[in-house]
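A.B. asks:
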Amino acid sequence: MTIQLYNTLTRKKEEFVPVTEGEVKMYVCGPTVYNYIHIGNARPVIVFDTVRRYLEYRGYNVKFVSNFTDVDDKIIKAANELGEEVPELTERFIQAYFEDVGALGCKKADMHPRVTDHIQDVIDFISLLVEKEYAYESDGDVYFRTRKFDGYGKLSHQSIDELKVGARIQASERKQDALDFVLWKAAKEGEISWSSPWGEGRPGWHIECSVMARQLLGDTIDIHAGGQDLTFPHHENEIAQSEALTGKTFARYWMHNGYINIDNEKMSKSLGNFVLVHDIIQQIDPQVLRFFMLSVHYSSPVNFSQDLVESAANGLDRIRTAYQNVEHRLAVSADNGDQHDIWLHKIQQQQTAFEEAMDDDFNTANGIAVIFELARLANVYLLEKNTEKVVLEAFLNTFNQLMSVLGLPFKEKEELQDEAIDRLIEERLEARKNRDFARADAIRDELKEQGILLEDTAQGVRWKRS
RNA sequence: GGCGGCAUAGCCAAGCGGUAAGGCACGGGUCUGCAACACCCUUACCACCGGUUCGAUUCCGGUUGCCGCCUCCA
117 MTIQLYNTLT
127 RKKEEFVPVT
137 EGEVKMYVCG
147 PTVYNYIHIG
157 NARPVIVFDT
167 VRRYLEYRGY
177 NVKFVSNFTD
187 VDDKIIKAAN
197 ELGEEVPELT
207 ERFIQAYFED
217 VGALGCKKAD
227 MHPRVTDHIQ
237 DVIDFISLLV
247 EKEYAYESDG
257 DVYFRTRKFD
267 GYGKLSHQSI
277 DELKVGARIQ
287 ASERKQDALD
297 FVLWKAAKEG
307 EISWSSPWGE
317 GRPGWHIECS
327 VMARQLLGDT
337 IDIHAGGQDL
347 TFPHHENEIA
357 QSEALTGKTF
367 ARYWMHNGYI
377 NIDNEKMSKS
387 LGNFVLVHDI
397 IQQIDPQVLR
407 FFMLSVHYSS
417 PVNFSQDLVE
427 SAANGLDRIR
437 TAYQNVEHRL
447 AVSADNGDQH
457 DIWLHKIQQQ
467 QTAFEEAMDD
477 DFNTANGIAV
487 IFELARLANV
497 YLLEKNTEKV
507 VLEAFLNTFN
517 QLMSVLGLPF
527 KEKEELQDEA
537 IDRLIEERLE
547 ARKNRDFARA
557 DAIRDELKEQ
567 GILLEDTAQG
577 VRWKRS
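Start counting the first sequence at 117; every next residue gets the next number (our numbering).
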């Protein structure tokens, strides 16, 4: 069985075959760090973290690189407004980024390169393009000669002549052709800058990804990913720069995630409806946010609203509860017997179903459906009087494996550390034995106030936090 | 103008040639001292109109309605 994935380049689902067997080189375009990230920025991070996790689950050795754009117009503007130096500002938001996506369960990439650490590489890269006459200097700027690159438009499936009539293309006196894009920008007075053969300046936006991907992963990478909007022009330009230089395929598979809407409206600065991860995770369990995003296929748009997140929270709760209930049974009453084969088989079937879902273009929505089925099976199993240790353990193990792929690990089993609560639970047990239900219910209510929910089962009292 | 996406139950969302997974919410039942957890049951003319096919939610064409991209927005 192989993984199929939708490749923006070919507009088809293709079998995934990495250049080197067993190894995946993956590059995901990261944020421009001039503010806290919003949930729209978080989607690709979550989605491609999950892709990476699944590839690893599948046994691939994944080299995962995600960059920071730490110098550009917006950053310079923000730094000016805040009266802060650029490096200071970017460092601050890079740390905030790690905190935010860490909370969302995203692993760190193997490398998080920053443009400003690769200035010389950028200059070398551009110099080679100039040598090959794919680029030219003009008044301190350096531009890419778009028309000279044959495949331009192959990713976004735009014909170069249609682009010409596009609404927003702006001619510039410095450009030879309106379609050319900037590789190196001459510095304006007082701007942060580096010396180059073309004078003081800084890298253009697109060049950094080409440079760092090549530097860290080589001429040809397996998967290049990012938000849908990056398809054009960003990724199109990356292809042009890289392939013009190396003459080799830059990236074999291109993956793009869909957008997030807020209450059915596009999230945008001008509407003022963007939601910062930093803020929202104060109110919403970050795992719920992640679960919510993964309940939709990554390429579809997803709508964000209070109601939708709440219903996702309820769903995740159901899975967590099932898990805890199995844990409880294992701790309290696990038998040995010989009735386990059929159940072990059912559990195995779910794992296979999960893999089939994920093999199909990382269909996390279907993967989650399988986990719900696993939860249902676990609950049904717990209805049995005699439950076997091997089966209970198999449930836990499978839950753990599948949820780890989604980056949604279960919390460690908690021991009640509070003696007062312990005593109340004991007292309630006694009260129930004496059929003093008024007292028993009073205790249950009291604990509920404290966020401890009690559940009576045939195997004793079970508790969980609300 | 060009390129593309989407329209499936009250809501969310899979499926993409053999008359519809899953979740949330609602209702009914079972379990429980009562609850909770849970289990079972119930709930869909798959936007509209044509066509292809033995058969279409799934393919093709058209219509309507949303949405994205077309040089620096994830």
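Heads up, the beta-carbon is just placed ideally off N, CA and C, and yes, glycines get one too.
With 16 other CB atoms within 10 Å as the buried threshold, where does Glu352 fall?
C.D. replies: buried
A.B. asks: Would the beta-carbon of Phe585 fall within 8 Å of that of Pro349?
C.D. replies: The requested residue 585 is not part of the displayed model; the chain covers only 117 to 582.
A.B. asks: DSSP has Met142 in a bridge; who is on the other side?
C.D. replies: Phe180 and Ile339
A.B. asks: Can you list the beta strand (DSSP E) stretches of 3 or more residues lying completely in the segment 347 to 433, in chain order?
C.D. replies: 367 to 373, 376 to 378 and 418 to 420
A.B. asks: Alpha carbon to alpha carbon, how far is Cys145 from Asp165?
C.D. replies: 12 Å
A.B. asks: When the Cα atoms are used, what is the spatial distance from Arg290 to Ser243?
C.D. replies: Rounded to the nearest angstrom, the two C-alpha atoms are 18 Å apart.
A.B. asks: Hey, could you find the ends of the beta strand (DSSP E) Lys301 is sitting in?
C.D. replies: That run of the beta strand (DSSP E) goes Phe297 to Ala302.
A.B. asks: Measure the alpha-carbon distance for Lys364 versus Gly267 and round it to whole angstroms.
C.D. replies: 12 Å
A.B. asks: To the nearest angstrom, how far is the alpha carbon of Tyr170 from that of Glu381?
C.D. replies: Per the coordinates, the alpha-carbon of Tyr170 lies some 31 Å from the alpha-carbon of Glu381.
A.B. asks: Consult DSSP for Thr136 and reduce its assignment to one of helix, strand or coil.
C.D. replies: coil
A.B. asks: What residue ranges within the segment 209 to 266 form continuous beta strand (DSSP E) runs of no fewer than 3 residues, ordered along the chain?
C.D. replies: With a minimum length of 3 residues, the continuous beta strand (DSSP E) runs that stay inside the segment 209 to 266 are 251 to 254 and 257 to 260.
A.B. asks: In this structure, does DSSP put Gln120 in helix, strand or coil?
C.D. replies: strand
A.B. asks: Among the candidates Gln274, Leu333 and Tyr259, whose CA atom is the shortest distance from the CA of Trp300?
C.D. replies: Tyr259
A.B. asks: What are the boundary residues of the beta strand (DSSP E) that includes Val577?
C.D. replies: It spans Gly576 to Arg581 - the beta strand (DSSP E) in which Val577 sits, taken as one unbroken run.
A.B. asks: Pro313: buried (16+ other C-beta within 10 angstroms of its C-beta) or exposed?
C.D. replies: Flag for Pro313 reads exposed.
A.B. asks: Could you tell me whether the Cβ atoms of Val181 and Leu332 are closer together than 8 Å?
C.D. replies: yes
A.B. asks: Quick one: what's got a C-beta closer than 6 Å to Gly483's C-beta in the same chain, skipping five residues either side?
C.D. replies: Phe470, Ala473 and Met474
A.B. asks: Is DSSP giving Lys129 helix, strand or coil here?
C.D. replies: strand
A.B. asks: Quick one: measure Cβ to Cβ for His413 and Asn479, integer angstroms, because I've assumed they're closer than 8 Å.
C.D. replies: 6 Å
A.B. asks: Pick from Ser520, Ser326, Asp561 and Lys580: whose alpha carbon is nearest that of Arg434?
C.D. replies: Lys580
A.B. asks: Okay, do the segment 333 to 348 and the segment 232 to 243 touch, 3+ Cβ pairs below 8 Å being the bar?
C.D. replies: Flag = no, the segment 333 to 348 and the segment 232 to 243 do not touch.
A.B. asks: For Leu493 versus Ala450, is the C-beta spacing smaller than 8 Å?
C.D. replies: no
A.B. asks: From this set, Ile378, Ile119 and Ile337, which residue's C-alpha is nearest Thr362's C-alpha?
C.D. replies: Ile337
A.B. asks: If you draw a straight line from the C-alpha of Leu198 to the C-alpha of Gly567, how long is it?
C.D. replies: Taking the straight line from one Cα to the other gives about 43 Å.
A.B. asks: Skipping 5 residues on each side, what residues in its chain have a beta carbon closer than 8 Å to that of Arg127?
C.D. replies: His273
A.B. asks: In chain order, what residues of the same chain lie with their CB nearer than 8 Å to the CB of Ile192, ignoring the 5 residues before and after it?
C.D. replies: Val202, Glu307 and Ile308
A.B. asks: Do Tyr173 and Glu139 come within 8 Å of each other at the CB atom, strictly closer than that value?
C.D. replies: No.
A.B. asks: Less than 8 Å separating the beta-carbons of Glu504 and His456?
C.D. replies: yes
A.B. asks: Can you say whether Lys564 is buried or exposed, counting buried as having 16 or more other CB atoms within 10 angstroms of its CB?
C.D. replies: exposed
A.B. asks: In or out: Leu387 buried (at least 16 other Cβ within 10 Å) or exposed?
C.D. replies: exposed
A.B. asks: If you measure between the beta carbons of Glu324 and Thr185, is that distance less than 8 Å?
C.D. replies: Contact flag set, yes.
A.B. asks: On a Cα-Cα basis, can you pick out the residue from Arg555, His322 and Val163 that is closest to Tyr375?
C.D. replies: Of Arg555, His322 and Val163, the residue nearest in Cα terms is Val163.
A.B. asks: Hey, quick one: how far does the alpha helix (DSSP H) through Ile162 stretch, first residue to last?
C.D. replies: Ile155 to Tyr173
A.B. asks: Please go through the segment 457 to 503 and give each complete alpha helix (DSSP H) segment of 4 or more residues, from N-terminal end onward.
C.D. replies: List check, alpha helix (DSSP H) in window: 457 to 475 and 480 to 498.
A.B. asks: Quick check: the segment 149 to 158 against the segment 509 to 523, are at least 3 beta-carbon pairs closer than 8 Å?
C.D. replies: no
A.B. asks: Excluding sequence positions up to five away, which residues of its chain have a Cβ less than 6 Å from the Cβ of Glu249?
C.D. replies: none
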